[in-house]
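In our numbering, the protein residues as written are 22 to 236.
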């Protein structure tokens, strides 16, 4: 019982207005540094694959943000509250690259839960439906989103040539690994089981059991 009260106190501090304000300030400063780094490079011609990957990742990061926002309204889980803001920062980083390369923004003007690509719309609908069933299902949805994000970022990075794109992908992948770790800790607290869908079991466990990285 003593440990339970201690956890409640920690959670109250974590989700306090001061903590959220500090977290927002950190993300704002980090995003400013990313934009500066992008703008320090001259935009070069991109391959069709590089362009496709940027557009794809913009919508994929939107899925993560939108799903977490929707599930966060139903379940009082720390990762859903914290990580939805981080996913907005991920969206902003990709948007900065789209602007840099004068590419159309597939997420522009769309509300939460709306997607231009039918496959993304279908995936969003499925994930929200699944995550609303229970807290444990919401945690598993978070794990699935983060391992998909990691998988696709690794693939996109293998096709990218421009240093500013590679830097953003590295930054996003590092953040996604931290997000996966956060959801995995909550999976353990719920005594749940999860089978990776996109990463190999060894790759998933290598991330899940490792220490948080500085972002």
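In this text, a Cβ means the ideal position worked out from N, Cα and C, and glycines have one as well. Predicted, not measured: the structure shown is a model, and the values here were computed from it.
Unbroken alpha helix (DSSP H) run spanning residue 93, endpoints: In the DSSP assignment, residue 93 falls within the unbroken alpha helix (DSSP H) covering 69-95.
Three-state class that DSSP yields for residue 105 in the structure shown: Here residue 105 sits in helix by DSSP.
Could you compute how far the alpha carbon of residue 153 sits from the alpha carbon of residue 178? C-alpha separation (whole angstroms): 33 Å.
Cβ of residue 116 within 8 Å of Cβ of residue 80? No.
So, helix, strand or coil for residue 114, using DSSP? Three-state DSSP puts residue 114 in a helix.
Please confirm if the region 84-93 is in contact with the region 178-195, defined as three or more CB-CB distances below 8 Å between the two stretches. With fewer than three CB-CB distances shorter than 8 Å, the region 84-93 does not count as touching the region 178-195.
Have a look at residue 34 and residue 160 and give me their C-alpha separation to the nearest angstrom. Low local confidence applies: a pLDDT of 41 at residue 34 is under 50, so the model's placement there is unreliable, with the coordinate-based value given in what follows. Their Cα atoms are separated by approximately 22 Å.
How far does the alpha helix (DSSP H) with residue 131 in it extend, from its first residue to its last? Looking at the DSSP string, residue 131 is not in any alpha helix (DSSP H), and its letter there is neither H nor E.
Where does residue 235 sit, in a helix, a strand or coil, going by DSSP? DSSP places residue 235 in coil when its eight states are reduced to three.
In this structure, how does DSSP classify residue 145 when only helix, strand and coil are distinguished? Helix, per DSSP.
Can you list, in chain order, the residues of its chain whose CB lies under 6 Å from that of residue 203, leaving out five sequence neighbours each side? Hits under 6 Å: 100.
Residue 196 to residue 150 span [Cα, whole Å]: So the two alpha carbons sit approximately 25 Å from each other.
Residue 211: first and last residue of the uninterrupted alpha helix (DSSP H) it sits in: Neither: residue 211 is in no alpha helix (DSSP H) and is coded neither H nor E.
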